[in-house]
Structure formats: C-alpha cells, structure tokens
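Below: the structure, in structure tokens.
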Amino acid sequence: MAVGNEGSRVKEPWSGRTVLITGAAGLLAGWVERELLEAGASVLGLDNAWDGPRATTPPGGIDRIDGDVRDTALLGGLLSGRGIDTVIHLAAQTLVGPAIENPVDTFSNNIEGSWSVLEACRLASGVRRIVVASSDKAYGDASGQPYREEMPLRAHHPYDMSKAVTDMLAQTYAATYALPVAITRCGNLYGGGDLNWSRIIPGTIRSVLIGEAPVIRSDGTFVRDYLYVRDAAAGVVALADAVGERPELGGTAFNFAAGFRMPVIDIVKRILTLMELDLEPVIMSLPLQEIPEQRVSAARARRELGWRPRTSVDSGLLETIAWYREYLGVAR
Ligand SMILES: NC(=O)c1ccc[n+]([C@@H]2O[C@H](COP(=O)([O-])OP(=O)(O)OC[C@H]3O[C@@H](n4cnc5c(N)ncnc54)[C@H](O)[C@@H]3O)[C@@H](O)[C@H]2O)c1
Numbered sequence: 003m004a005v006g007n008e009g010s011r012v013k014e015p016w017s018g019r020t021v022l023i024t025g026a027a028g029l030l031a032g033w034v035e036r037e038l039l040e041a042g043a044s045v046l047g048l049d050n051a052w053d054g055p056r057a058t059t060p061p062g063g064i065d066r067i068d069g070d071v072r073d074t075a076l077l078g079g080l081l082s083g084r085g086i087d088t089v090i091h092l093a094a095q096t097l098v099g100p101a102i103e104n105p106v107d108t109f110s111n112n113i114e115g116s117w118s119v120l121e122a123c124r125l126a127s128g129v130r131r132i133v134v135a136s137s138d139k140a141y142g143d144a145s146g147q148p149y150r151e152e153m154p155l156r157a158h159h160p161y162d163m164s165k166a167v168t169d170m171l172a173q174t175y176a177a178t179y180a181l182p183v184a185i186t187r188c189g190n191l192y193g194g195g196d197l198n199w200s201r202i203i204p205g206t207i208r209s210v211l212i213g214e215a216p217v218i219r220s221d222g223t224f225v226r227d228y229l230y231v232r233d234a235a236a237g238v239v240a241l242a243d244a245v246g247e248r249p250e251l252g253g254t255a256f257n258f259a260a261g262f263r264m265p266v267i268d269i270v271k272r273i274l275t276l277m278e279l280d281l282e283p284v285i286m287s288l289p290l291q292e293i294p295e296q297r298v299s300a301a302r303a304r305r306e307l308g309w310r311p312r313t314s315v316d317s318g319l320l321e322t323i324a325w326y327r328e329y330l331g332v333a334r
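Counting in the working numbering, the sequence shown runs from 3 upward without gaps.
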C-alpha cells in the first residue's frame with residue numbers, strides 16, 4: 003500500500019491507471035497529484051494558467067497540458083488517445099469576490115467547464131471513474147445546521163450557484179447516462195500551496211510573515227468548517243477509487259470536512275497564537291454577500307468510504323505556516 007500522508011489510504015490499484023486532473027495547477031489538485039503519483043498512477047494535468055508561481059504541483063512526474071476545460075476538441079482528443087481511465091475535475095474560478103464582480107466569467111468557467119468535461123467523458127469510451135468538485139457552498143444558507151448530502155442545494159450567490167449547477171450536472175450525467183461520476187462537497191480547504199491571498203488562512207499567514215496586521219474583510223463572525231488539504235486530497239482519491247468499483251455511487255455527493263468549525267476571527271487568532279505574535283487583526287466589516295454559517299457533516303464519507311480527517315487543526319495550521327515561511331523565505 004502506498005501512503006500519501008498519514009491519513010490517506012491510496013491503494014495499489016492506482017498503479018497502471020492514467021488520470022486526467024483538471025485545474026491541475028491549483029491548491030487541491032497539487033495534493034491529489036502527489037497522492038496519485040505516490041500510488042503509481044500516471045497523471046495528466048490540464049490547466050489554463052500554469053504561468054503563475056505554482057507551488058503544490060509536484061515538480062516532476064505529471065504531464066502538464068496547457069488548455070481550457072471549455073475546449074471540447076482538446077478534451078475529446080485527450081480522452082480518445084491517452085488511455086485515460088479516471089477524470090478528476092477540479093478546474094474552477096474559485097474566488098467568491100471575483101465571482102460577485104464578474105458572475106458570467108465564473109458561470110462560464112465553472113458551469114460550461116463542467117458540462118464540457120462531463121460531455122467529453124460521456125462521448126469517450128473507457129473512462130471508468132470520474133470525480134467532480136462541487137462545494138459546501140452549493141448548499142447555501144442552512145441556518146447553521148450541519149450540511150448533510152440529502153439537503154437541498156439552495157445556493158444564492160454566483161460562486162455558490164456555479165458549484166450547485168456543477169453538482170447537479172454531474173448528478174444528471176450519472177442518472178441519464180450511467181456515467182460513473184461522484185461528487186465532492188468539501189468544507190474550506192487550507193494548506194501549503196494556496197496562493198490565493200484573499201483567502202483568510204493564506205492571507206493571514208502572509209500578513210503576519212511580512213509584519214502586517216491581518217485583515218478580515220467581514221465582521222469576523224462568519225463560521226466556516228476547515229479541512230486540511232491533504233485530508234481532502236485523500237478523500238478525492240478514495241472517492242475516485244470507490245466510484246469505479248461501486249456503480250451505485252454514481253451521482254452520489256460526499257461531504258468532506260473535519261468538523262473543525264469556528265468564526266473567522268477565531269481562526270485568525272489561532273494562527274496568531276501558533277505564530278506567537280500579538281497583532282490585532284483589522285476588521286473591515288464590509289457588507290459581504292456570503293453565507294453566514296457553514297457546518298459540514300462528513301458522516302457519509304466516513305461510513306461509505308472509511309475516510310477520516312487525520313490532521314488536527316493545530317498540526318495542519320503549523321504545517322501550513324511552515325510551508326509559507328519556506329515559500330516566502332521569511333524566518334520570523
Ligand atoms: N478551496 C476550497 O476551500 C474549496 C472548498 C470546496 C470546494 N472547492 C472546489 O475544489 C476545486 C479545487 O479548488 P482549489 O481551491 O484547489 O482551486 P484553485 O483556485 O487553487 O485552483 C483551480 C484551478 O483551476 C484552474 N482553472 C480555472 N478555470 C479553468 C478553465 N476554464 N480551464 C482550465 N483550468 C481552469 C485555475 O487556473 C486553477 O489553477 C474547485 O472546483 C473548487 O470549487 C474548493
């Protein structure tokens with residue numbers, strides 16, 4: 003058995019499989035790529051923005067393809083000629099603020115991008131397992147109740163809706179075409195390699211490392227359910243494996259979260275404590291259009307996949323802080 007991290011259960015069958023990952027230059031993809039490479043899979047990574055500093059993508063080993071998931075000819079060519087038997091679709095415009103400023107761009111990347119990938123899988127023969135990334139945000143506001151997979155998707159804001167539609171497209175392809183596709187709905191991911199500085203955890207750590215007070219755009223009360231990215235990656239791989247073996251999982255969504263929920267102000271203070279710094283966060287109290295409270299139950303993933311989050315919040319945050327120290331070259 004190959005083990006990608008303490009918590010992963012990546013099994014030998016990955017050896018000899020060829021996996022296409024979309025959004026391959028992103029945070030989650032980088033850790034999924036590591037898991038799969040360690041397990042012996044061949045990995046092709048598709049992304050339309052490889053040019054930035056891409057920190058989590060393993061330096062060697064994956065075959066990088068520069069292209070857009072909306073390019074159906076490109077996808078068709080890849081899926082017909084490369085022996086791909088697994089597709090993990092993670093590509094998306096993932097930032098909530100830009101989605102509000104330019105919803106059409108987000109809808110196009112996320113919704114058209116998703117149907118393009120699903121349709122290419124439908125037309126290709128030989129794709130035996132597919133995972134599509136939805137999000138806990140697809141549920142919308144559930145008045146603080148823990149999200150469970152049978153709850154309706156009640157997204158109201160552009161990014162959230164783009165993930166709800168992605169989710170339902172995957173369900174549609176499973177129900178109508180028996181496509182072996184399962185869906186992830188992860189809580190808020192954090193971990194080394196996230197270069198989206200507008201996100202609270204990387205933004206806070208970077209501010210502290212460069213000697214500035216961390217900035218909270220909201221009033222700090224939004225509750226989020228945080229999940230260490232390596233645990234999420236192990237979940238994605240476990241789900242991909244399972245949907246290939248168990249056709250009844252087609253169209254099924256799985257929440258992944260650690261049950262580590264707290265208001266934004268508290269996670270910022272926890273990071274400051276772990277970094278042993280006494281800085282006062284700047285609270286901007288901007289009127290953000292975001293879900294006030296998100297709690298996620300991962301009971302189904304635990305039960306059906308045997309998945310467990312293996313990383314405690316403090317060790318996850320400490321590993322993350324260490325990663326940014328090294329990346330930014332700051333000893334502080
Ligand atoms: N980060 C989180 O907290 C979180 C939580 C729940 C769900 N998700 C979902 O998980 C997936 C991965 O999230 P992440 O945080 O790693 O994202 P990320 O922003 O780090 O990476 C996304 C990648 O997709 C690429 N991309 C975007 N549009 C594309 C297109 N049209 N064609 C090709 N590539 C394109 C981007 O260049 C980027 O490299 C996303 O689908 C996201 O919606 C993320």
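All C-beta atoms in this analysis are idealised placements derived from N, C-alpha and C, irrespective of residue type, glycine included.
Keep in mind the model is a prediction, meaning the values are calculated, not measured.
Ligand 1 heavy atom lying under 7 Å from the CB of residue i
i    : result
Q95  : yes
L171 : no
C123 : no
L307 : no
T24  : yes
A31  : yes
N111 : yes
D70  : yes
N104 : no
D107 : no
D49  : yes
Three-state class that DSSP yields for residue i in the structure shown
i    : result
D280 : coil
V225 : strand
E295 : strand
R66  : strand
R304 : helix
G9   : Residue placement at G9 cannot be trusted, given a pLDDT of 44 that sits under 50; the coordinates are not used to answer.
T24  : strand
A255 : strand
L191 : strand
V71  : coil
Selected residue, minimal CA-CA separation from residue i, among the options
i    : options                : result
A43  : L81, I86, D73, S82     : I86
A234 : K139, Y192, I267, K271 : Y192
M163 : L241, I102, A255       : I102
E114 : L97, R72, A236         : R72
A31  : S317, V231, L251       : V231
R201 : V98, G128, A333        : V98
E121 : Q291, T20, R305, L181  : L181
G195 : W309, Y329, D227       : Y329
Span of the beta strand (DSSP E) around residue i
i    : result
P265 : 262–265
R131 : 131–135
L46  : 44–49
R187 : 183–188
Bounding residues of the alpha helix (DSSP H) (the contiguous stretch that carries residue i)
i    : result
G205 : 202–211
L320 : 315–330
A31  : 29–40
R232 : 231–247
Discussion item. Runs of 4 residues minimum, wholly inside the segment 73–161: which ones carry the alpha helix (DSSP H) assignment?
Written reply: 74–83, 98–103, 105–109, 115–125
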